[in-house]
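FYI, the numbering for the sequence shown is 11 to 709, going by the working numbering.
Just so you know, even glycine gets a beta-carbon here, dropped at the ideal spot from N, CA and C.
For clarity, every value in this text was computed on a predicted model and none was experimentally measured.
Everything on this sheet refers to the single structure shown next.
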Amino acid sequence: MRPPAKGMCPVELWDNMPEITPPLQRAPITPEHLTELVSLADPQISPDERRVVFVRSHINAAKNVYVKALWMKDLAGDDAPYPVTFGPKDGSPRWSADGKQLAFISVRGEKAQVYVLPVNRPGEAYPITAHPNGVSSFEWSPTGDRIVFGAIVDKEERDREDNPGPDGPSTGQAAKGGIPANKQDPRVIRTSPFRTGTTYFEDRTRHIYLASVVDAGAPLSVPQRISDGDVGFAAPSWSPDGTRVYSAASRDVEKGELFRLVDVVLLRATADRSVVRLSEAGYTTGQPKVSPNGEWLAFIRYDENEASRSRSQLVIRSLKDDHAASRAIFSGALATWAWSPDSNHIYVVELAGGDFPLRKVYVADGSATTLTLPGVNVDCGDQSTNAFAVSASGLVIYVCTHPDSFLSLRQLNPDGRERVLYAPNEPFVSAHLVCPSETIQFESDGRSIQGWVVKPPGFSQESKYPLVLNIHGGPHAMWGPSFESLWHEVQAMANAGYIVFFCNPRGSEGYGDEFYHANRSDWDAGPMADILRGLEHVIAGGNVDERRLYVTGGSYGGYMTAMIVGVDHRFAAAVAQRGVYNFISARNTSDLPFFFDREMSGVTPWDDVEYLWRMSPIAYARDIATPLLLEHSEQDFRVPISQAEELFTALRTAGKIVELVRWPREGHDLSRSGEPKHRVERITRILGWFEKYAHATKN
């Protein structure tokens, strides 16, 4: 596909191209179409700038699995990309310094390992690690003869590494050992938190290893662990001279705040396992990356007393002067960031006003230039920069989503010229009814609130339509019309005949510090006022059937859905997903207990149980008259399923209309990365619940 002409927005572009399918014959987008969309991620430019490798994912609907493989695109010319691996679980591609080898993480047995693929000669990918617990992240050494990687181990496994038996080391040499069959029988808990995602820690923490890169067929080297202790270490990063490794580590395991109090640490690429904490007084810090010239260490920091609430700062510290103070060069909501090859600036993807622009921040003074944003290099509409890579000459390759399309791979030259490298979803978009989004602004308590309206196909100003109010999580998340995990869901709802409205109420990222902090100790009344005023703004347009209003949301959106129907009876039906419904019980069952304390300004159940009860949707269970569907994952350790069980039982015993859908094998991220069939059925059930009560008489 050729890039759009300057001054032409994507809608105009499609209107001036031959149609694959005439507009009236385009098919509606349904929940099942999730399986036809292709995802792109993690582009990496070769050192010679001739190629880019990226992760391409699609769904095998018959097997109910995702297929992730590495694809390559030659940057000279318009040849189509081609696969260099076939999955099914390949990711994290990284070029060696000389560009002759490509390393990546793949699951080709029981555990994920690092594989190496020769690029300039024929050859199969072969493993260079065999850690029995699997590898979670890695990075090439500057010389290309070693890698540093992270893997989880417990104290017993570390002891066996240090004192190998007659069969040699238990980790790294061969894929044996791992989690014993009886490890979970019984499960003994000694730390808090003790689980996250969908797994238990099992007393294991991530440690950092060095391993030599061997040739195909050669015996694997025994990896050398360079960290120690019952402390977890984050993804490692090399210094340019190859003598040091930077990471981040938990500060105080005994306090039970593994995810909150963290320090950037320095490890030596030797066997002494010394750990130097590069602490910042009053801050929790992480994501360290050394500038390519070795002069600066950049990292992210947060106020440690407000870790769940404060906005991030991108900070640099001189590695030439041990006494130099750190200097913040960027403050805001950062999605991802990376050094420029010349070390003069840092590229950041920021959450800003419903967009995800790529900005270039200058190290010297912190000034920034915007590279991707409507009116800069994209001709119209909102867009999301999902992932990016930068070459030595300043060439940017990035993945983006647009409201009128889905993920594509693009090239942005230093002079601002842009072209589309790969648009795998273009045939789908051309053959289906993609409903455009409209941005709205409305006032609420003196604040300007941004929202979006997506109207159904064939929308007519003379007709009225049912409306779905969709509420984001967080509560500090930020949505926009090009938000990747929202795109298909909104399109499926609009194509089912609904007007879809969503907004970023107070507390959302992307609108400045005051806005971000505006829901402190106020998860309910303030944000609810913003959301409902936005709903009334849309209703005032005259096209909403007020007998058929519906509301849904996940996580914080699930909380708000349940809270709204407890005090507002205008909705015909509601679906609350993975929500917090009882602050009192949620605090000590979540894997982030400190999060609730900070969100409620430090109030715990021992301080003011009545206040937390008033903030909980379950307190209003007797007042809920709206038919309510509760959806929750059985392995949700962020918001345990007991939250849904409590509210379901309270409503059911009170004779309310309520159902509970339990999703087996799923965690908090069901809507984003759950089993494909579950993700499809989730949207189908939401729409089915709304349709069931399309003509019900409300109380």
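Simplified DSSP state of residue i, which is helix, strand or coil
i	result
GLN645	coil
GLU655	helix
LEU417	coil
ARG675	coil
ASP578	coil
SER447	strand
VAL548	helix
TRP150	strand
HIS442	strand
GLN587	strand
TRP616	coil
ASP155	coil
PHE64	strand
PHE504	The amino acid at residue 504 is misidentified as Phe; the sequence shows Ala. ALA504: helix per DSSP, three-state reduction.
THR568	Correcting the residue identity first, residue 568 is Gly in this sequence and not Thr. DSSP places GLY568 in helix when its eight states are reduced to three.
THR395	strand
ASN423	coil
GLY385	Caution applies to GLY385, whose pLDDT of 38 falls short of 50 and renders its modelled position unreliable; the model cannot decide the point.
TRP533	coil
Environment of residue i [buried if 16+ CB atoms lie within 10 Å]
i	result
GLU472	exposed
GLN451	exposed
THR139	buried
TRP616	exposed
HIS705	exposed
THR571	buried
PRO424	exposed
VAL619	exposed
ASN303	exposed
ASP213	buried
LYS465	buried
HIS217	buried
PHE366	buried
PRO103	buried
PHE493	buried
ILE693	buried
THR253	exposed
LYS78	buried
Reference residue i; option with closest CA among the options
i	options	result
VAL585	ILE696, LEU85, GLN451, PRO91	ILE696
LEU271	VAL241, ALA245, SER284	VAL241
GLY468	GLN460, GLY461, ALA487, PRO446	PRO446
GLN323	ASP332, PHE340, LYS330	PHE340
ASP84	ALA71, ARG214, ALA107, PRO57	PRO57
ARG311	GLY342, GLU620, PRO250, THR209	GLY342
VAL463	SER454, PRO351, THR449	THR449
TYR703	ARG580, GLY154, TYR210, PRO637	PRO637
ASN553	ALA572, SER470, ILE541	SER470
VAL613	GLY665, ASP532, VAL77	ASP532
ARG60	TRP105, PRO41, HIS68	TRP105
ARG632	VAL577, ASP646, LEU80, MET503	VAL577
VAL500	TRP81, HIS43, GLN35	HIS43
SER353	ARG337, HIS333, ILE326, VAL359	ILE326
PHE512	ARG530, ALA258, GLY490, HIS498	GLY490
ARG558	ALA550, GLY568, GLY564, PHE581	PHE581
SER777	TRP248, PRO250, PRO603, PHE243	It is not possible to answer for residue 777, since the shown part of the chain is limited to 11 through 709.
ILE115	ILE157, GLY87, SER401	ILE157
Cutoff 8 Å: residue i Cβ touching any chain E Cβ
i	result
ASN514	The structure shown contains no chain E, having only a single protein chain.
Integer-rounded CB distance, given that residue j should sit under 8 Å from residue i
i	j	result
ALA135	SER146	Actually they are not in contact, since the Cβ atoms of ALA135 and SER146 sit about 19 Å apart, beyond 8 Å.
PRO152	ALA107	6 Å
THR411	LEU417	5 Å
GLU656	TYR591	6 Å
TYR256	VAL274	7 Å
ASN514	GLY364	7 Å
ARG588	VAL649	5 Å
beta-carbon residue i near the ligand ATP non-hydrogen atom, thresh 7 Å
i	result
LEU80	For the structure depicted, the ligand ATP is absent and the ligand set is empty, with no information on it obtainable.
DSSP bridge partner residues for residue i (one or two, in chain order)
i	result
TYR136	VAL126
ARG692	Partner(s): none; ARG692 has no beta bridge.
PHE211	For PHE211, which the question treats as bridged, DSSP gives no partner whatsoever.
PHE593	DSSP lists no partner for PHE593.
GLY160	SER147, ILE218
HIS744	No answer is possible for residue 744: it lies beyond the span of the chain, which begins at 11 and ends at 709.
TRP462	THR449, PHE512
TRP306	SER328
THR206	THR209
THR636	Paired residues: none, contrary to the question.
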